[in-house]
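Participant:
Protein chains in written order, with this note's numbering: chain A, 1 to 209; chain B, 1 to 209.
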């Protein structure tokens, strides 16, 4: 039985969805950000980075969403959540997920976690002002170039879809005009029709959009 | 014959090293940042993100360092650069590389690429001021928790080593006190003794440290 440490409205939702899609045995454990539980000694013993998600497995604890997604896909191959037999196709999955974690999530985080990168309140406000245009630029690239359709990688549903759905659930709050993103909105609708997605979203009580 | 698009002193060095370690057939193509070539129509046709690295392969073009590293490791299995047969071990490799791309590289980038996240010059200066403490915090975690030794993953040299070596080559300029990082300095020395590393570093003319 795995344990997924999560908080609502974070990127942990992507792994939560993947675990459901894979039919993995797991329990979801809430980390209460409102009481700063992610900084408690108990949680730092699980994940010294003080963030979610963290996944406790039979072999040890893993963090970082792209790693967790790949782990779930490879550990539960029957679900066919990633093309492990094809190096180029797998690299395309990794490429998409790396872009989400290193550029898109980071662009978003400057609205809500600016204190990570500056102490000056005016600088934190300056970062917030640039979030709508930065996140819009990222999602324009996804809309027009990266999202093959109907799923991210084309006809095959993969771990990329869980991750895109999760990060895209923040765009309205980030100030993005979603009328310019019809394909990403269709992707959200398509995702919300999947039982695994419904179950993970309901379990977290996460707001989508 | 692959083509690796790179610029000196960027994270492209990690893939450059991995290609050398793998004995892959490739040529390295310089993208001249001083003339903003990464924003030229010709380069944007190769990589619409306008960044390096990009790797043109027989199957198409790939970007994002963690994806390129995994691709090289899986495509050239004899080099044994990643533990593809073991889902947990492979996830540990991905976890480390994801941390480098989404947190450590990003912490560094606020010194040299602050205009990505704010327009106000005072805000950009405020970001720069926080870089030494942020990058120090990242590397303290690597020094004390993540780097198993002698290589990142322990006894086996992997793609994580090429990536750590690359990002760690920026820490002096980021204002980090490396006397607190003896294990990371030893790792650098160990890397510089490898012919593949020497060849990639020399080809790029990259300064280490």
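No residue lacks a Cβ here, since even glycine has one placed at the ideal position from N, Cα and C. Predicted model only: the values in this text are computed from it and were never measured.
#1: Would residue 155 of chain A count as contacting chain E if we go by Cβ distances under 9 Å?
#2: In three-state terms, what does DSSP make of residue 28 of chain A?
#3: Who are residue 149 of chain A's beta bridge partners in DSSP?
#4: What whole-angstrom Cβ distance do residue 138 of chain B and residue 179 of chain B have, given they're in contact under 8 Å?
#5: Could you check whether the Cβ of residue 40 of chain B sits closer than 9 Å to any Cβ belonging to chain A?
#6: Taking 6 Å as the limit between beta carbons, can you name the residues of its chain near residue 208 of chain A, skipping five residues before and five after?
#7: If you drop the 5 nearest sequence neighbours on each side, which residues of the same chain put their C-beta closer than 8 Å to that of residue 50 of chain A?
#8: Identify whether residue 232 of chain A lies in helix, strand or coil by the three-state DSSP scheme.
#9: Mind checking residue 196 of chain A: buried by the 16 CB within 10 Å criterion, or exposed?
#10: Can a CB atom of chain A be found closer than 9 Å to the CB of residue 90 of chain B?
#11: Starting from the beta carbon of residue 99 of chain B, find every residue of chain A whose beta carbon is closer than 7 Å, and list them in chain order.
#12: Considering only C-alpha positions, which residue in the set A:205, A:72 and A:150 is nearest to residue 185 of chain A?
#13: For the beta strand (DSSP E) holding residue 136 of chain A, just list the boundary residues, first then last.
#14: Can you find at least 3 beta carbon pairs, one from the region 150-169 of chain B and one from the region 186-194 of chain B, that sit closer than 8 Å?
#15: Interface residues of chain B around residue 53 of chain A at Cβ under 7 Å?
#16: Tell me which same chain residues have a C-beta within less than 6 Å of the C-beta of residue 79 of chain B, skipping the five on either side of it?
#17: What number of angstroms, rounded off, separates the C-alpha of residue 159 of chain A from the C-alpha of residue 200 of chain A?
#18: Any beta carbon from chain B within less than 9 Å of residue 127 of chain A's own beta carbon?
#19: Is any beta-carbon of chain B found at less than 9 Å from that of residue 185 of chain A?
#20: Note down the Cα distance separating residue 2 of chain B from residue 11 of chain B, rounded to an integer number of angstroms.
#21: Counting only C-beta atoms, is residue 110 of chain B closer than 9 Å to chain A at any point?
#22: Express the C-alpha separation of residue 154 of chain A and residue 132 of chain B in angstroms, rounding to a whole number.
#23: If you scan the region 61-120 of chain B from start to end, which runs of the alpha helix (DSSP H) of 4 or more residues do you find wholly inside it?
#24: Less than 9 Å separating the beta-carbons of residue 68 of chain A and residue 115 of chain A?
#25: List the DSSP bridge partners of residue 3 of chain A.
#26: Is residue 140 of chain A near residue 181 of chain A, with beta carbons less than 9 Å apart?
#27: Where residue 106 of chain A and residue 4 of chain B are concerned, what is the direct C-alpha to C-alpha distance, given to the nearest angstrom?
#28: Residues in the same chain with beta-carbon distance under 8 Å from residue 118 of chain A, minus the five sequence neighbours each way, listed in chain order, please.
#29: Excluding the five sequence neighbours on either side, which residues of its own chain have a C-beta within less than 6 Å of the C-beta of residue 93 of chain B, listed in chain order?
#30: Hey, could you find the ends of the alpha helix (DSSP H) residue 162 of chain A is sitting in?
#31: Sorted by chain position, which residues of the same chain lie with C-beta nearer than 7 Å to residue 111 of chain B's C-beta, five sequence neighbours on each side aside?
#32: Please report the distance separating the alpha-carbon of residue 8 of chain A from that of residue 136 of chain B.
#33: List the whole-angstrom C-beta distance separating residue 53 of chain A from residue 6 of chain A, where the pair is believed to meet the contact cut-off of C-beta under 8 Å.
#34: Under a Cβ-count criterion, where at least 16 other Cβ atoms within 10 Å of its own Cβ denotes burial, should residue 91 of chain A be classed as buried or exposed?
#35: Who pairs with residue 154 of chain A in a beta bridge, going by DSSP?
#36: Which same chain residues end up closer than 6 Å to residue 35 of chain A when comparing Cβ atoms and leaving out the 5 residues on each side of it in sequence?
Facilitator: Per the coordinate set shown:
#1: Among the chains of the structure shown, chain E does not appear; the protein chains present are A and B.
#2: Here residue 28 of chain A refers to the residue found at position 28 of the first chain. In this structure, residue 28 of chain A counts as strand in the three-state DSSP scheme.
#3: Position 149 of the first chain, counting from 1, holds the residue named residue 149 of chain A. According to DSSP, residue 149 of chain A bridges with nothing at all.
#4: Counting from one through the second chain, the residue named residue 138 of chain B turns up at place 138. Counting from one through the second chain, the residue named residue 179 of chain B turns up at place 179. Wrong, their Cβ atoms sit about 17 Å apart, outside the cutoff.
#5: Locating residue 40 of chain B in the second chain gives position 40, counting from the first residue. Not an interface residue.
#6: As a position in the first chain, residue 208 of chain A is number 208, starting the count at 1. Within the same chain, residue 208 of chain A has close Cβ partners 169.
#7: On the first chain, residue 50 of chain A is found 50 positions in, with the first residue counted as 1. Once the five neighbours on either side are set aside, the close Cβ partners of residue 50 of chain A are 38, 39, 43 and 44.
#8: Because chain A in this structure spans residues 1 to 209, residue 232 of chain A falls outside the shown range and cannot be described.
#9: As a first step, residue 196 of chain A must be located in the first chain, where it is residue number 196. Its Cβ being crowded by 16 or more others within 10 Å, residue 196 of chain A is buried.
#10: As a working note, residue 90 of chain B is residue 90 in the second chain. Judged by the 9 Å Cβ criterion, residue 90 of chain B is in contact with chain A.
#11: Walking along the second chain from the start, residue 99 of chain B turns up at place 99. Those within 7 Å of residue 99 of chain B in chain A are 64.
#12: On the first chain, position 185 is the one that residue 185 of chain A refers to. The shortest C-alpha separation from residue 185 of chain A is found at A:150.
#13: Counted from its first residue, the first chain places residue 136 of chain A at position 136. Per DSSP, residue 136 of chain A belongs to no beta strand (DSSP E); it is in the alpha helix (DSSP H), 121-141.
#14: yes
#15: In the first chain, the residue the question calls residue 53 of chain A occupies position 53. Within chain B, no residue comes near residue 53 of chain A; the closest Cβ sits about 11 Å away, beyond 7 Å.
#16: Reading the second chain from its first residue, position 79 is the one you call residue 79 of chain B. Only 21 and 22 meet the Cβ criterion.
#17: Indexing the first chain from 1 puts residue 159 of chain A at position 159. Indexing the first chain from 1 puts residue 200 of chain A at position 200. Each residue's alpha carbon lies about 14 Å from the other.
#18: Position 127 of the first chain, counted from the first residue, corresponds to residue 127 of chain A. So, interface residue.
#19: Within the first chain, residue 185 of chain A is the residue found at index 185, counting from 1. By this cut-off, residue 185 of chain A is not an interface position.
#20: Within the second chain, numbered from 1, the residue matching residue 2 of chain B stands at position 2. Within the second chain, numbered from 1, the residue matching residue 11 of chain B stands at position 11. Taking the straight line joining both Cα atoms gives about 18 Å.
#21: To locate residue 110 of chain B, count along the second chain from 1; it is residue 110. Answer yes: the Cβ-Cβ gap between residue 110 of chain B and chain A drops below 9 Å somewhere.
#22: Stepping through the second chain from its first residue, residue 132 of chain B is reached at position 132. Stepping through the first chain from its first residue, residue 154 of chain A is reached at position 154. Their backbone Cα atoms lie some 42 Å apart in a straight line.
#23: 65-75, 87-99 and 105-112
#24: In the first chain, counting from the first residue as 1, residue 68 of chain A sits at position 68. In the first chain, counting from the first residue as 1, residue 115 of chain A sits at position 115. It is not a contact, given that the beta carbons lie outside the stated cut-off.
#25: The residue labelled residue 3 of chain A in the question sits at position 3 within the first chain. Per DSSP, A:27 and A:56.
#26: Position 140 of the first chain, counted from the start, is the residue given in the question as residue 140 of chain A. Position 181 of the first chain, counted from the start, is the residue given in the question as residue 181 of chain A. Against a cut-off of 9 Å, the Cβ pair of residue 181 of chain A and residue 140 of chain A comes out as a contact.
#27: Stepping through the first chain from its first residue, residue 106 of chain A is reached at position 106. Stepping through the second chain from its first residue, residue 4 of chain B is reached at position 4. Rounded to whole angstroms, residue 106 of chain A to residue 4 of chain B spans 26 Å at the Cα level.
#28: Taking the first chain and counting its residues from 1, one reaches residue 118 of chain A at position 118. Excluding positions up to five away in sequence, the list reads 124 and 127.
#29: For this step, residue 93 of chain B is matched to residue 93 along the second chain. Counting only Cβ-Cβ distances below 6 Å, and skipping sequence neighbours, we find 82, 158 and 160.
#30: Looking up residue 162 of chain A in the first chain gives position 162. Residue 162 of chain A -> alpha helix (DSSP H) spans 159-168.
#31: As a first step, residue 111 of chain B is located in the second chain; it is residue number 111 there, counting from the start. Result list for residue 111 of chain B: 128, 131 and 174, in chain order.
#32: One-based indexing of the first chain puts residue 8 of chain A at position 8. One-based indexing of the second chain puts residue 136 of chain B at position 136. Cα to Cα, the separation comes out at about 30 Å.
#33: In the first chain, the residue the question calls residue 53 of chain A occupies position 53. In the first chain, the residue the question calls residue 6 of chain A occupies position 6. Right, the Cβ-Cβ distance comes to about 6 Å (below 8 Å), so this counts as a contact.
#34: Position 91 of the first chain holds residue 91 of chain A. Buried, by the Cβ-count rule.
#35: By one-based count along the first chain, residue 154 of chain A stands at place 154. According to DSSP, which records beta bridges pairwise, residue 154 of chain A is partnered with A:151.
#36: For this step, residue 35 of chain A is matched to residue 35 along the first chain. There are no such residues.
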